[in-house]
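Read through the structure below, which is laid out as structure tokens, and then see the notes.
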Amino acid sequence: MPKAGSGLSLDGLGMPLWLVVELTYKCPLKCPWCSNPVDFDRYRNELSTEEWKDLLREGRRLGSLQLGFTGGEPTLRKDLEELVDEANRLGYYTNLITSGVGLSPQRVRDLKRAGLKQVQLSLQSCDSELSEKLVGLDVFAHKIEIARTIKAEGFPMVMNVPVSRYNIDQTEALIDLAADLGVEYLEFANLQYYNWALINRADLLPTRQQLKQSEAAVAAARERLGKRLTIYFVVPDYFDERPKACMNGWGAIHLTIAPDGTALPCQEARLIKDIDFPNVREHSLDWIWRESPAFRRFRGDDWMKEPCRSCDDREKDFAGCRCQAFLLTGDAANTDPVCSKSPHRYLIDDILLEAENRQERAGADALIMRARCRS
Amino acid sequence: MHNEDRLQPSDIMVLNPNFHFRWEEPQQSHVLLYPEGIVKLNATAAEILEMCVMRGLTVAEGTEQLAHRYDGADLMSDVMQFMELAYAKGWIRPKS
Ligand SMILES: C[S@@+](CC[C@H](N)C(=O)[O-])C[C@H]1O[C@@H](n2cnc3c(N)ncnc32)[C@H](O)[C@@H]1O
Ligand code: SF4
Ligand code: SF4
Chain Z
354 MPKAGSGLSL DGLGMPLWLV VELTYKCPLK CPWCSNPVDF DRYRNELSTE
404 EWKDLLREGR RLGSLQLGFT GGEPTLRKDL EELVDEANRL GYYTNLITSG
454 VGLSPQRVRD LKRAGLKQVQ LSLQSCDSEL SEKLVGLDVF AHKIEIARTI
504 KAEGFPMVMN VPVSRYNIDQ TEALIDLAAD LGVEYLEFAN LQYYNWALIN
554 RADLLPTRQQ LKQSEAAVAA ARERLGKRLT IYFVVPDYFD ERPKACMNGW
604 GAIHLTIAPD GTALPCQEAR LIKDIDFPNV REHSLDWIWR ESPAFRRFRG
654 DDWMKEPCRS CDDREKDFAG CRCQAFLLTG DAANTDPVCS KSPHRYLIDD
704 ILLEAENRQE RAGADALIMR ARCRS
Chain U
2 MHNEDRLQPS DIMVLNPNFH FRWEEPQQSH VLLYPEGIVK LNATAAEILE
52 MCVMRGLTVA EGTEQLAHRY DGADLMSDVM QFMELAYAKG WIRPKS
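So the sequence lines, in the order shown, correspond to chains Z and U. In terms of this note's numbering, the first sequence is residues 354 to 728. In terms of this note's numbering, the second sequence is residues 2 to 97.
As structure tokens, this is what we get:
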């Protein structure tokens, strides 16, 4: 996924430069912040190997360059190597986004041979006990082994840490671990509150104090480590005055294909219930990207309402996140409620206040873990 | 190189091994692809990269070659400016 400051506020000339394929929603882990749909189990009719290959070819014709294989857990698909091989042949820069659970050292080597360019491995904690609490399974040692294999195979690697109040105090230790593993990029992904994370939001939000300390640790480490380790700190937007420039704008450079072939402007978009998203099984990708009502819905700025409509920042942040506007205000065309100019900002402030006044740091027991049969 | 951040015309710079530099037909431009990013290069930047990085020449040699295409114009400061930027961004590094 593109990081702030990666040179990506780039004009895609109307092309979906960034293609993300969610090969499956299945996953053995149970992260209580998982960004997959809460009813993920309903989407079992996954695209076949041939359907994915067709899609990859169409994507290249539309100008896609970066390709992310994600999920769920993409390594659960047995055809991953085959798809990576095809994508590589087509000229994509291929990224694998994984928790590492479906990987063995041999498989890492096979993926290298298939032409995979980069791996993003998520790590939730620097100790196995907390890790197990957070993801529901004892996989820490395995993840570390896989991280070392990834590096030994010469992949550039992103270590992704989804940040909540439970692991934010490990910022410094996680930086040390990343430096020790020799990864090039460390991403502190302060959680985005959609789907499972939204269910557990009251419990997952860090306090402002925790956030400050974490940011200070990152700043000190950047100073100390320089070019050795690039640290991205994804802004926890709730704590900001301005919304994130979500996806560089709706239908601007991002295209996500869900396991069942549904095409989305971002991975969360299917939570906007009043939009009918097109499926690659029924339409050409070209039509989906250029013509479909879903992708045109929030393109450009004609659709914007006040205060965005007359605000100079609208070209910078595109009025924020449509999903967040929908979830918190009921209308996806509203200003992202994170913005201090939004009449709904009080909603965010109330949530933050609640988090500040939470009682004693609970164990992780109160969290509702990702599981089947919720909708 | 002696000083970590100052580039010299006598340096040989190479592309960061995690980067890919190539022509893209749909974009009608050269691009740099790398973990987490894409950079679309303008024609000048692509030309400098092609001549002064991709051919294993020193910056000075590459610049001289380039100058032949432009009636021997003095391109050194333009080239150095771009190379400094590319180095600061981690696109290129000194050959080791
Ligand atoms: C949905 S996961 C799929 C890949 C794989 N299962 C994994 O977790 O690494 C994709 C990435 O999103 C991150 N992520 C999951 N939920 C998130 C959330 N609510 N906010 C921010 N990042 C999240 C994960 O840490 C992971 O790096
Ligand atoms: S975020 Fe966790 S639960 Fe969700 S897909 Fe990734 S590893 Fe699985
Ligand atoms: S009012 Fe809209 S455009 Fe202006 S800063 Fe807020 S979200 Fe961005």
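By construction, the Cβ of each residue, glycine as well, lies at the ideal position given by its N, Cα and C atoms. Values in this document were obtained by computation on a predicted structure and should not be read as measured data.
- Of Z/HIS495, Z/GLN419, Z/GLY455 and Z/GLU568, the smallest CA-CA separation from Z/ALA542 is found for Z/GLU568.
- Contacts between Z/MET368 and chain U, judged by CB atoms closer than 8 Å, involve PRO27 and GLN28 in chain order.
- Looking only at U/VAL80, U/GLN66 and U/LEU42, the smallest Cα-Cα distance to U/HIS31 is reached by U/LEU42.
- Sequence-distant Cβ neighbours of U/VAL60 in its own chain, meaning closer than 8 Å and more than five residues away, are LEU8, GLN9, PRO10, SER11, ASP12, ILE13, MET14, CYS53, VAL80, MET81 and MET84.
- Scanning chain Z for C-beta atoms nearer than 9 Å to the C-beta of U/ILE49 yields nothing, as the closest lies near 17 Å away.
- Closest in alpha carbon position to Z/GLY673, among Z/ASP689, Z/GLU411 and Z/GLU659, is Z/ASP689.
- Z/VAL373 has its CB no nearer than 8 Å to any heavy atom of ligand 2.
- Those residues that bring their Cβ nearer than 6 Å to a heavy atom of ligand 3 are Z/ARG595, Z/PRO596, Z/PRO660, Z/CYS661, Z/CYS664, Z/ASP666, Z/ARG667, Z/ASP670, Z/ALA672, Z/GLY673, Z/THR688, Z/ASP689, Z/CYS692 and Z/LYS694.
- Residues of the stretch 415-437 of chain Z with a C-beta less than 8 Å from any C-beta of chain U: LEU415, GLY416, LEU418 and GLN419, listed in chain order.
- When the five nearest sequence neighbours on each side are left out, the beta carbons in the same chain lying within less than 8 Å of the beta carbon of Z/ILE625 are those of ARG675, CYS676, PHE679 and ALA685, in order along the chain.
- Think of a sphere of 9 Å around the beta carbon of U/VAL54: no beta carbon from chain Z falls inside it, the nearest being about 18 Å out.
- One Cα belongs to Z/PRO696, the other to Z/GLY653, and the distance between them is close to 22 Å.
- Collapsing the DSSP output to three states places U/GLY38 in a strand.
- Not one heavy atom of ligand 1 sits closer than 8 Å to the Cβ of Z/ILE606.
- For Z/PHE592, the closest alpha carbon among the candidates Z/GLY683, Z/PHE422, Z/TRP642 and Z/CYS692 is that of Z/CYS692.
- The residue among Z/MET657, Z/HIS495, Z/ALA598 and Z/LYS565 with its C-alpha nearest the C-alpha of Z/LYS669 is Z/ALA598.
- Here DSSP, grouped into helix, strand and coil, assigns Z/GLY412 to helix.
- In the displayed model, U/SER11 falls within coil according to three-state DSSP, outside both helix and strand.
- DSSP places Z/TYR538 in the strand class (E or B) of the three-state scheme.
- Distance from the Cα of Z/LEU490 is smallest, within the candidate group Z/GLY453, Z/ARG460, Z/PRO509 and Z/LYS504, for Z/GLY453.
- Distance from the CA of Z/LEU429 to the CA of Z/VAL492, rounded to the nearest whole angstrom, comes to 16 Å.
- Under the DSSP assignment, U/ARG23 falls in the beta strand (DSSP E) whose first and last residues are 21-25.
- Chain order gives no chain Z residues near U/ILE93, where near means a beta carbon separation below 7 Å; the closest approach is about 12 Å.
- The C-beta of Z/GLY579 has fewer than 16 other C-beta atoms within 10 Å across all chains shown, which makes the residue exposed.
- Here Z/ASN398 is exposed. Its C-beta has fewer than 16 other C-beta atoms within 10 Å.
- Taking C-alpha positions only, Z/ASN687 is separated from Z/LEU638 by approximately 28 Å.
- If the five residues before and after Z/VAL472 are omitted, its C-beta is found closer than 6 Å to the C-beta atoms of LEU449, ILE503, PHE508 and MET510, all from its own chain and listed in chain order.
- Rounded to the nearest whole angstrom, the CA to CA distance from Z/GLU594 to Z/VAL588 is 11 Å.
- Within 8 Å of the CB of Z/VAL511, the CB atoms of chain U belong to PRO36 and GLU37, in sequence order along the chain.
- Annotation note: the stretch 582-660 of chain Z contains the following uninterrupted beta strand (DSSP E) runs of length 3 or greater, listed N- to C-terminal: 583-587 and 607-610.
- Residues of the stretch 459-487 of chain Z that bring their beta carbon within less than 8 Å of a beta carbon in chain U comprise LYS470 and GLN471, in sequence order.
- Among the bridge pairs identified by DSSP, Z/ARG501 is matched with none.
- Taking Z/LYS383 as the centre and dropping the five residues before and after it, the same chain places the C-beta of VAL488, GLY489, LEU490, MET722, ARG723 and ALA724 closer than 8 Å to its C-beta, in chain order.
- Neighbours of Z/LYS580 across chain U, judged by C-beta separation under 8 Å: GLY91.
- Where Z/PRO458 is concerned, the enclosing alpha helix (DSSP H) starts and stops at 458-467.
- For Z/TRP386, no beta strand (DSSP E) segment is defined, and its DSSP state is neither H nor E.
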